[in-house]
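Report on one structure; see the data block that follows.
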Amino acid sequence: MKRQDKADQIGLILDDLYPEPPIPLDHSDPYTLLVAVALSAQTTDKKVNEVTPGLFAVASTPEDMAALEPEAIRELIREIGLAPTKARNLSTMAHQIVDAGGEVLADWDFLEGLAGVGHKTASVVMSQAFGFPAFAVDTHIHRLASRWGLSDGTSVEKTERDLKSVFPESTWNTRHLQIIYFGREYCPARNHDLAVCPICSWAATKKRIAEEARGRRVKPTRR
Numbered sequence: 013m014k015r016q017d018k019a020d021q022i023g024l025i026l027d028d029l030y031p032e033p034p035i036p037l038d039h040s041d042p043y044t045l046l047v048a049v050a051l052s053a054q055t056t057d058k059k060v061n062e063v064t065p066g067l068f069a070v071a072s073t074p075e076d077m078a079a080l081e082p083e084a085i086r087e088l089i090r091e092i093g094l095a096p097t098k099a100r101n102l103s104t105m106a107h108q109i110v111d112a113g114g115e116v117l118a119d120w121d122f123l124e125g126l127a128g129v130g131h132k133t134a135s136v137v138m139s140q141a142f143g144f145p146a147f148a149v150d151t152h153i154h155r156l157a158s159r160w161g162l163s164d165g166t167s168v169e170k171t172e173r174d175l176k177s178v179f180p181e182s183t184w185n186t187r188h189l190q191i192i193y194f195g196r197e198y199c200p201a202r203n204h205d206l207a208v209c210p211i212c213s214w215a216a217t218k219k220r221i222a223e224e225a226r227g228r229r230v231k232p233t234r235r
């Protein structure tokens with residue numbers, strides 16, 4: 013099956029399963045979305061959603077966040093992975109936004125110039141807060157794109173380019189959310205039987221299915 017035909021079929025399945033996928037991170041505006049996405053690195057969305065209500069009750073604007081010391085921010089997000097680093101980044105980011113006028117701008121250079129904000133975080137904000145066509149690729153989407161043969165998996169950047177080339181631009185903002193939800197429900201990273209997966213079973217190569225099956229059978233070495 014050609015890669016484009018495969019992507020078209022995957023798109024139909026995802027549209028059927030998740031016609032209107034919600035943004036998994038709770039937020040009320042571009043700034044709170046930016047903060048939530050920044051906090052989600054190496055942390056589950058569930059944990060972020062448990063922590064942000066307390067954080068946003070104290071600081072839901074750049075001005076309020078900038079008024080806090082990094083130690084105070086760290087205490088509010090202490091249950092989040094990498095809390096000390098993220099607290100410093102949130103403080104610096106808030107000051108940067110305040111210095112720029114106090115608003116989160118729909119601008120790639122502005123977003124990627126903020127402390128703790130990489131291309132993936134900027135892509136989420138541009139797509140979900142401002143409606144700009146973007147395909148945010150996290151480690152989960154990177155993994156599934158490789159499993160499905162839509163990208164060779166050499167880098168997240170190449171995966172983004174490959175996915176943008178096979179999915180229509182009008183679907184990008186929804187498609188990346190659909191793949192995230194599919195990964196959680198049907199296609200986990202570990203102990204996944206590709207042979208029974210609704211997509212992997214036919215989209216993955218026989219070699220890839222066999223390789224992951226062997227990986228599941230490997231027993232941990234006892235010491």
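Add 12 to the 1-based position in the sequence shown for this note's numbering, that's all there is to it. Quick reminder that beta carbons are idealized off the backbone N, C-alpha and C, glycines included. Since this is a predicted model, take the numbers as computed values, not measurements.
### Task
Work out the CA separation of V168 and D57 for me, nearest whole Å.
20 Å
### Query
Taking buried to mean at least 16 other C-beta atoms within 10 Å of its own C-beta, is L24 buried or exposed?
exposed
### Query
Which whole-angstrom value is the C-beta distance of V137 and L46, which I expect to be below 8 Å?
5 Å
### Query
CB-CB under 6 Å to A118, same chain, minus the five flanking residues each way: which ones, in chain order?
F142
### Query
If you compare alpha carbons, which of T55, K219, D17 is closest to E91?
T55
### Task
Report the three-state DSSP secondary structure of C209 (helix, strand or coil).
It is coil, neither helix nor strand.
### Task
Say whether the segment 63-76 touches the segment 169-180, bearing in mind that this needs 3 or more beta-carbon pairs closer than 8 Å, one atom from each stretch.
Using a Cβ-Cβ distance cut-off of 8 Å, the segment 63-76 and the segment 169-180 are not in contact, since fewer than three pairs of beta carbons, one from each stretch, lie closer than that value.
### Task
Using the Cα positions of M42 and V116, report the straight-line distance between them to the nearest angstrom.
Per the sequence shown, the amino acid found at residue 42 is Pro instead of Met. C-alpha separation (whole angstroms): 7 Å.
### Query
Using a beta-carbon distance below 8 Å, is R202 in contact with chain D?
Annotation note: the requested chain D is absent from the structure, which comprises a single protein chain.
### Message
Along the chain, where does the alpha helix (DSSP H) containing M105 start, and where does it finish?
### Response
95-111
### Message
Please report the distance separating the alpha-carbon of R86 from that of A50.
### Response
14 Å
### M13 burial status per 10 Å Cβ neighbour count (16 or more: buried)
exposed
### Message
With H, G and I counted as helix, E and B as strand and the rest as coil, what does DSSP make of F122?
### Response
helix
### Query
What do you get for S163, buried or exposed, if any count of 16 or more other CB atoms within 10 angstroms of its CB means buried?
buried
### Task
Could you check which residue in Q16, Y30, A48 has the C-alpha nearest to that of I191?
I191 has its Cα closest to that of Y30, out of Q16, Y30, A48.
### Message
Suppose the cutoff is 7 Å on Cβ atoms and the five residues either side in sequence are ignored; what does the same chain contact list for N61 look like?
### Response
L37, D38
### Proximity winner among K98, T133, E75, L94, relative to V110 (alpha-carbon distances)
E75
#### Entry: Reference E124, options M105, G113, T97, closest by Cα
When only C-alpha atoms are compared, the closest one is M105.
### Query
Should R202 go down as buried or exposed, given a rule of 16 or more other Cβ atoms within 10 Å for buried?
exposed
### Message
I need the straight-line Cα distance from D28 to R226, nearest angstrom please.
### Response
Going from the Cα of D28 to the Cα of R226 covers about 31 Å.
### Task
Note down the Cα distance separating Y198 from I221, rounded to an integer number of angstroms.
15 Å
### Task
Leaving out five residues on either side along the sequence, give the residues of the same chain with a beta carbon under 6 Å from the beta carbon of G93.
Q54, T55
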